[in-house]
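Just below is one structure, and these are the notes that go with it.
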Amino acid sequence: MTTTPWHAGPELLASYADGSLDDVGQAAVEAHVERCPHCRADATTLVTRSTLDPVWDRVLVEVRTPEPGQLTRLLRWLRVPEVDVVVLRASANLVVAMAVAVAASLIFALGAAQLSHDRQQLAWLVIAPLLPALLVAGAYDSTDPIRELADATPYSKLRVALLRTLVAVLGAVPLVLLMGLVPEIDISVVAWLLPALAIACVLLVLLTRLSAAVSVAAVATVWVLVVAALRAGDRLEQVTAPLGQSLSLLVAVASVLVLARRWGLLRPERTRA
Amino acid sequence: MTIVASLRGVSKKYGGTIALRPTDLDLRTGVTGLLGPNGAGKSTLLRLLATAQPPSSGTISVAGNDVTGSVADRTEARRRLGYLPQEVGLPRRSTAFDFLDYLAVLKEWSDTRARHQEVLRVLDLVELGSLGGKRISALSGGQRRRLSIAQALMGDPRLVVLDEPTTGLDPEQRASLRGLLSEQARTSGVLLATHQTEDVAALCDRVIVLDGGAVCFDGTVPELVATAAGQVWVGDEANERALSSWRTGSGAVRSIGGTPRPDAQLVEPAVEDAYLLMRATTRPHEGAVP
């Protein structure tokens with residue numbers, strides 16, 4: 001190995017020390033300084049507090065920030081934006097409440113299996129599509145221990161609700177699909193998905209204007225009336241038929257469009273540096 | 001001292017019960033203490049100012065933004081607010097750091113490094129710097145209270161609204177909180193509701209006494225104390241018809257109000273004496289909700 005005959009001049013070193021060179025220059029000088037004790041010694045004397053303090057601050061923040069938990073690492077690995085990771089992590093505290101709701105639905109399904117086919121279908125159709133909506137409302141409002149604190153912050157509560165809904169629905173779908181494996185339940189389990197999506201989206205639209213309790217009461221009432229009307233006309237199978245399914249999809253898409261128009265309520269409008 | 005918040009004709013009803021009668025107030029930089037019995041409307045006033053509830057009538061502005069107006073104005077006001085409710089249901093399974101991190105996100109700190117730096121800053125302020133990674137369920141009552149206070153100080157709030165912040169703190173922690181709040185009050189308005197008259201005497205440059213949902217005193221600490229001048233006595237026996245009296249550690253009896261015995265001597269009143277005397281004269285108002 002040969003020694004380096006060249007040394008960086010004071011001006012170049014000064015620019016390097018305060019970080020004012022371009023990326024290539026910065027990297028080139030750095031590579032040299034790492035190998036040359038002479039220039040390293042010179043550079044050390046040129047580093048000022050104003051350069052060093054921010055670096056030191058960053059190091060301190062890095063060191064003092066607690067290690068991320070498994071959920072955080074998983075969400076980061078999934079490329080979820082950092083701000084949403086924090087909201088989702090906080091929502092994980094509500095998982096118990098959500099799990100209770102899903103467990104209740106499971107018990108309901110097993111109970112429904114004991115009924116006659118006709119009643120089973122009715123009970124299933126009334127309740128299953130409403131479950132995600134109830135989870136949405138629960139996530140939005142009543143189960144949050146720091147609701148009063150969160151209410152007084154500028155961040156969009158609707159966005160928080162949407163993220164939590166995502167957690168709730170992602171958690172609920174596998175369990176509901178699992179219910180389909182119960183042999184006594186003779187209903188297409190996938191049929192509830194689109195009506196459930198439609199109801200949850202309508203609920204979110206209502207939540208931009210109304211309280212959670214009023215919104216849930218409204219969607220639940222309308223849905224029960226729809227099912228009752230279909231049953232009176234002996235046309236319950238319409239819900240699972242292509243017409244019912246596409247109508248549900250239409251309602252869901254329309255609701256998303258309305259939500260998009262009110263996007264200002266969904267998104268933090270400005271960020272701090 | 002600049003005005004950080006104003007109320008104009010603000011009132012609040014819960015059902016048929018009046019919690020706050022129509023009130024006009026201007027809050028300035030500095031520490032304002034809010035005294036009053038339970039149910040006087042203190043928490044209601046704080047909740048209205050913190051935008052946690054809308055008023056039944058009137059307008060509230062925080063840092064020049066009408067919180068009773070558009071969503072945009074209310075959001076702008078919330079960017080300049082720090083709020084500590086009387087009881088915070090902290091998420092027990094979360095760590096102290098994660099809890100503040102979440103609230104910082106809700107307060108729109110979207111840059112991760114700047115946010116973490118701010119979280120660490122307020123943890124240090126309330127002397128919890130080394131406990132960030134601890135679960136909230138493992139923190140003591142005083143530590144939880146300080147954690148709740150820390151979130152109210154995040155960012156650079158123009159108005160900090162604190163509902164009984166010293167509850168559960170030991171004397172050292174209370175003293176250190178006073179230092180913290182007086183520092184904060186150099187640049188923002190700090191409004192604190194409390195039952196601790198010592199805190200008011202030690203910290204506040206303005207006192208508001210609420211009773212029955214209405215302001216019954218608004219002035220400086222010396223002005224409040226002056227209302228009790230000539231009404232506090234120390235003697236061998238209690239005053240006749242004294243509002244309140246007790247034997248102190250020295251053996252003498254301290255009496256507030258009433259007719260003094262011949263041997264009794266007048267003493268300097270304290271904030272508490274003035275408050276108790278004021279309560280005695282305003283009691284007919286009673287009947288607001290808790």
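Just so you know, the protein sequences line up as chains A and B, in that order.
My numbering numbers the first residue of the first sequence as 1 and each following residue consecutively.
My numbering numbers the first residue of the second sequence as 1 and each following residue consecutively.
Glycine included, every Cβ here is placed at the ideal spot set by N, Cα and C.
* **Cut-off 6 Å between Cβ atoms - residues of its own chain near residue 248 (chain A), not counting five sequence neighbours on either side** => Counted from its first residue, the first sequence places residue 248 (chain A) at position 248. If we look at residue 248 (chain A) and ignore the five residues flanking it on each side, its Cβ neighbours are 194, 195 and 198.
* Asked: What separation, rounded to the nearest whole angstrom, lies between the Cα atoms of residue 279 (chain B) and residue 38 (chain B)?
  -> Here residue 279 (chain B) is taken as the residue at index 279 of the second sequence, counted from 1. Here residue 38 (chain B) is taken as the residue at index 38 of the second sequence, counted from 1. Taking the straight line joining both Cα atoms gives about 12 Å.
* Which of helix, strand or coil DSSP assigns to residue 14 (chain B) -> Taking the second sequence and counting its residues from 1, the one referred to as residue 14 (chain B) is at position 14. Residue 14 (chain B) falls in the strand class under three-state DSSP.
* To do: Give the secondary structure of residue 83 (chain B) by DSSP, where H, G and I count as helix, E and B as strand, and everything else as coil.
  => The residue given as residue 83 (chain B) occupies position 83 in the second sequence. It is a strand residue.
* To do: Take every Cβ of the region 143-158 of chain B, pair it with every Cβ of the region 96-113 of chain B, and state whether three or more of those distances are shorter than 8 Å.
  => yes
* Asked: Taking a cut of 7 Å between CB atoms, which residues from the region 144-156 of chain A lie near chain B?
  -> 145, 146, 148, 149, 150, 151, 152, 153, 154 and 155
* Cβ distance (whole Å) where residue 21 (chain A) is taken to contact residue 29 (chain A) below 8 Å -> Counted from its first residue, the first sequence places residue 21 (chain A) at position 21. Counted from its first residue, the first sequence places residue 29 (chain A) at position 29. Sure, about 7 Å apart at Cβ, within 8 Å.
* Proximal chain A residues relative to residue 51 (chain B), where beta-carbon distance stays under 7 Å -> Working through the second sequence from its first residue, we reach residue 51 (chain B) at position 51. Chain A residues near residue 51 (chain B): 152.
* Asked: For residue 70 (chain A), which three-state DSSP category applies?
  -> By one-based count along the first sequence, residue 70 (chain A) stands at place 70. Residue 70 (chain A): helix per DSSP, three-state reduction.
* Which same chain residues, not among the five before or five after residue 248 (chain B), have their C-beta less than 7 Å away from its C-beta? -> Taking the first residue of the second sequence as 1, we reach residue 248 (chain B) at position 248. Within the same chain, 254 come within 7 Å of residue 248 (chain B) by CB-CB distance, once the 5 residues on both sides are set aside.
* Thinking C-alpha only, which one of B:49, B:236 and B:202 is nearest residue 27 (chain B)? -> Against the second sequence, residue 27 (chain B) aligns to sequence position 27. Looking at the Cα atoms, B:49 is the closest of the given residues.
* To do: Could you tell me if the beta carbon of residue 228 (chain A) falls within a distance shorter than 7 Å of some heavy atom in the ligand PLP?
  => As far as ligands go, the structure on display features none, and thus does not contain the ligand PLP.
* Quick one: which residues of the region 238-267 of chain B get their C-beta closer than 7 Å to a C-beta of chain A? List them in chain order. => none
* **With 16 other Cβ atoms within 10 Å as the buried cut-off, status of residue 32 (chain B)** => Along the second sequence, read from residue 1 onward, the residue named residue 32 (chain B) stands at position 32. When all chains shown are included, residue 32 (chain B) counts as buried.
* If you measure beta-carbon to beta-carbon, which residues of the region 100-121 of chain B are closer than 7 Å to chain A? -> 101, 102, 103, 105, 106, 107, 108, 109, 110, 111, 112, 113, 114, 116, 117 and 120
* To do: Would you check if the distance between the CB atom of residue 164 (chain B) and the CB atom of residue 231 (chain B) is smaller than 8 Å?
  => Mapped onto the second sequence, residue 164 (chain B) falls at position 164. Mapped onto the second sequence, residue 231 (chain B) falls at position 231. Cβ atoms of residue 164 (chain B) and residue 231 (chain B): not closer than 8 Å.
* Asked: Which residues, in order along the region 31-63 of chain A, keep a beta-carbon less than 9 Å from a beta-carbon of chain B?
  -> 57, 58, 60, 61 and 62
* Taking one C-beta from the region 128-143 of chain B and one from the region 57-74 of chain B each time, how about it: are there three or more such pairs within less than 8 Å? -> no
* Mark residue 222 (chain B) as exposed unless 16 or more other C-beta atoms lie within 10 angstroms of its C-beta, in which case mark it buried. => Within the second sequence, the letter at position 222 stands for residue 222 (chain B). With fewer than 16 Cβ atoms within 10 Å of its Cβ, residue 222 (chain B) is classed as exposed.
* What first and last residue would you give for the alpha helix (DSSP H) that runs through residue 223 (chain A)? -> As a first step, residue 223 (chain A) must be located in the first sequence, where it is residue number 223. 212-232 is the extent of the alpha helix (DSSP H) around residue 223 (chain A).
* Asked: Does DSSP put residue 61 (chain B) in a helix, a strand or coil?
  -> As a working mapping, residue 61 (chain B) is identified with position 61 in the second sequence. Strand at residue 61 (chain B).
* To do: Could you check what DSSP says for residue 24 (chain B) in three-state terms: helix, strand or coil?
  => Translated into positions along the second sequence, residue 24 (chain B) becomes position 24. Residue 24 (chain B) falls in the strand class under three-state DSSP.
* Just the C-alpha distance for residue 201 (chain A) and residue 208 (chain A), rounded to the nearest angstrom, thanks. => Looking up residue 201 (chain A) in the first sequence gives position 201. Looking up residue 208 (chain A) in the first sequence gives position 208. Distance between the alpha carbons of residue 201 (chain A) and residue 208 (chain A) is about 11 Å.
* To do: At 4 residues or longer, and completely inside the region 116-196 of chain B: list those alpha helix (DSSP H) runs for me, N to C.
  => 141-152 and 171-184
* **Where residue 39 (chain A) sits in the DSSP three-state scheme** => Here residue 39 (chain A) refers to the residue found at position 39 when the first sequence is read from its first residue. Residue state, collapsed to three classes: helix.
* Asked: Buried or exposed: residue 16 (chain A), going by 16 or more other Cβ atoms within 10 Å of its Cβ?
  -> Looking up residue 16 (chain A) in the first sequence gives position 16. By the neighbour-count rule (16 or more Cβ atoms within 10 Å), residue 16 (chain A) is buried.
* Would you mind telling me which residues of chain B sit closer than 7 Å to residue 159 (chain A), beta carbon to beta carbon, in chain order? => Counting from one through the first sequence, the residue named residue 159 (chain A) turns up at place 159. Simply none; closest approach about 10 Å.
* Are residue 213 (chain B) and residue 52 (chain B) close, meaning C-beta to C-beta below 8 Å? -> Counted from its first residue, the second sequence places residue 213 (chain B) at position 213. Counted from its first residue, the second sequence places residue 52 (chain B) at position 52. No, Cβ-Cβ distance for residue 213 (chain B) and residue 52 (chain B) is not below 8 Å.
* **Whole-angstrom distance between residue 218 (chain B) and residue 79 (chain A), CA atom to CA atom** => Counting from one through the first sequence, the residue named residue 79 (chain A) turns up at place 79. Counting from one through the second sequence, the residue named residue 218 (chain B) turns up at place 218. Each residue's Cα considered, the two are about 54 Å apart.
* To do: Check the Cβ of residue 81 (chain B) against every Cβ in chain A and list those closer than 9 Å, keeping chain order.
  => Residue mapping note: residue 81 (chain B) aligns to position 81 of the second sequence, counting from 1. By Cβ distance, chain A contributes 152, 153 and 154.
* Around the Cβ of residue 74 (chain B), are there at least 16 other Cβ atoms within 10 angstroms (buried) or fewer (exposed)? -> Sequence index remark: in the second sequence, residue 74 (chain B) carries index 74 (1-based). With 16 or more Cβ atoms within 10 Å of its Cβ, residue 74 (chain B) is classed as buried.
* Asked: By the 10 Å Cβ neighbour count, where 16 or more other Cβ atoms means buried, how is residue 234 (chain A) classified, buried or exposed?
  -> Counting from 1 along the first sequence, the entry for residue 234 (chain A) is found at position 234. Its Cβ having fewer than 16 others within 10 Å, residue 234 (chain A) is exposed.
* Over what stretch of residues does the alpha helix (DSSP H) that includes residue 40 (chain B) continue unbroken? -> On the second sequence, position 40 is the one that residue 40 (chain B) refers to. Looking at the DSSP string, residue 40 (chain B) is not in any alpha helix (DSSP H), and its letter there is neither H nor E.
* Asked: What are the boundary residues of the alpha helix (DSSP H) that includes residue 6 (chain A)?
  -> Stepping through the first sequence from its first residue, residue 6 (chain A) is reached at position 6. Careful: residue 6 (chain A) lies outside any alpha helix (DSSP H) and carries neither H nor E.
* Note down, in chain order, each residue of its chain lying with its Cβ closer than 7 Å to the Cβ of residue 47 (chain A), except the 5 sequence neighbours on either side. => The residue labelled residue 47 (chain A) in the question sits at position 47 within the first sequence. Only 17 meet the Cβ criterion.
* **Interface residues of the region 226-258 of chain A facing chain B [CB-CB below 8 Å]** => none
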